[in-house]
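Structure first, then comments.
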């Protein structure tokens, strides 16, 4: 185990109900530490934390009650949180971020690290699923629950670790992967990176921090990925970069893509211009074809042949909140997705169109963070205009303070502007779920209902179903 853990027996995690921190809690429990935690609200991830005491709410009394040697906090915890301040004031307690501690585990193993603005969770899940099914018993730390595995973190028996690395708080720069994957470089987390240049520079630092003798895999068909490749080759012409994308000319490529109604896709897998095999996915969407190429490239370094990858990945069901079927009620087939960035919104709506070409698409969108909405509202409106109907909920703050003049209304106003090139979409701003349900109940024909966003919008689909049963 990493020497950083020396002298630590009891660990307390703040924000333990989140996808990332809950997964770290499971790993630490498996490593033999006494683990406790707290969060503001109950979440579905807490159900997985068997035998871990959890307090709802933050309170400095937790530091006295659990007497931890190490306190770990999520990036959502503000610096002035009383519980966090109490831990920092104690001379006997070490205080570290989630990224710090996860990197201690990751950097002591053979690490497969997945970074990028979009597709991290699905790509990490694909790699993890293939490695588990191949008997390689990896340690896994993913920012979402893998449907086939049933959990978001596993302490494996081998030396391999697969981890989704987070650029939102800059913590991905703490990791030194043996296999590094960059799914894309797209401007997001605008509160952290004020320009695309800042984001690009962070990715360059991250890649340079990877193991010198390791493997680097980048999507060359992504504009940001292409710029990253160019910058890296300019700085280090000898650096070997494995590319993937569309056509047949990258190191790993997809061609002859066929999408199926109600989900699924088939494509021809090429390696350096040579046909290898057909790949069948249960998941829809062009973005998932690219995610699978990245996964195939990664596992190939671990001795898994492309044909074996294709056989295993055909059974992969996906990650929760990634175009996840919730159910059907009345006139609606309901899907849920984590999409909150314009590129993700577009990809999800395109997937819906491919799966249900004869259905109208209704989107319920919950903007995520005031800062993102302020800077990207026009792009968000343009992405949402691909739907037939859009219902906008109030902004999910994620603990950000409100910004004057920034609300869901600015997206609605943009939807009514000519920025969407005269494409007219029905839209409505709903102040609450009851108002939304009332409008939905007036639907006269069968539609696909997509709930999109990183907040509690995920609960709407099941709530609507239950309210009609």
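Residue numbers (this note's numbering): 5 to 473. We put the beta carbon where it would ideally sit given N, CA and C, even for glycine.
Per DSSP, reduced to three states, the secondary structure at residue 340 is strand. Sequence-distant partners of residue 363 (beyond 5 residues in either direction) whose C-beta falls short of 7 Å from its own C-beta, in its chain, are 450, 451 and 452. By the beta-carbon neighbour count (other beta carbons within 10 angstroms, threshold 16), residue 109 is buried. Taking C-beta separations shorter than 7 Å and ignoring five residues to either side along the sequence, the partners of residue 335 in its chain run 447, 449, 450 and 451, following chain order. The Cβ-Cβ distance between residue 41 and residue 23 does not fall below 7 Å. For residue 284, there is no enclosing alpha helix (DSSP H); the residue is part of the beta strand (DSSP E) that begins and ends at 278 to 285. Using a 10 angstroms sphere on the CB of residue 470, the tally of other CB atoms stays under 16, which defines it as exposed. Residue 234 sits exposed, since fewer than 16 C-beta atoms from the chains shown fall within 10 Å of its C-beta.
In the structure shown, residue 143 adopts extended strand secondary structure according to DSSP, grouped into three states. In this structure, residue 222 keeps its C-beta atom at 7 Å or more from the C-beta atom of residue 207. Taking C-beta atoms under 8 Å as the contact rule, residue 165 and residue 124 fail to qualify, at a distance of about 15 Å. For the pair residue 238 and residue 179, the CB atoms are not nearer than the 7 Å cut-off.
Contact between the region 311 to 330 and the region 250 to 261 is absent: fewer than 3 CB-CB pairs across the two stretches fall below 8 Å. In this structure, residue 317 and residue 304 do not form a Cβ contact; the two beta carbons are roughly 13 Å apart against a cut-off of 8 Å.
Shown here, residue 168 sits in a strand according to DSSP, grouped into three states.
Bounds of any beta strand (DSSP E) do not take in residue 204; it lies within the alpha helix (DSSP H) bounded by 200 to 212. Under the three-state reduction of DSSP, residue 92 is assigned to helix. DSSP, read as helix, strand or coil, puts residue 54 in coil.
The secondary-structure analysis by DSSP pairs residue 400 across a beta bridge with 372.
In this structure, DSSP gives residue 254 a state outside helix and strand, which the three-state scheme calls coil. In the DSSP assignment, the residues bridged to residue 259 are 272.
Of the residues 19, 247, 375 and 120, the one whose Cα lies closest to the Cα of residue 170 is 120. Residue 370 and residue 405 have their C-alpha atoms some 17 Å from each other. With a 10 Å radius around the Cβ and a threshold of 16 neighbouring Cβ atoms, residue 199 comes out exposed. In the same chain as residue 392, and ignoring 5 residues on each side of it, the C-beta atoms closer than 6 Å to its own belong to 364 and 365, in chain order.
Annotation: residue 99 to residue 146 spans about 22 Å, alpha carbon to alpha carbon. Note: residue 16 is bridge-paired with 40 and 75 in the DSSP secondary-structure output. Take the alpha-carbon of residue 129 and the one of residue 209: they are about 25 Å apart. Under the three-state reduction of DSSP, residue 453 is assigned to strand.
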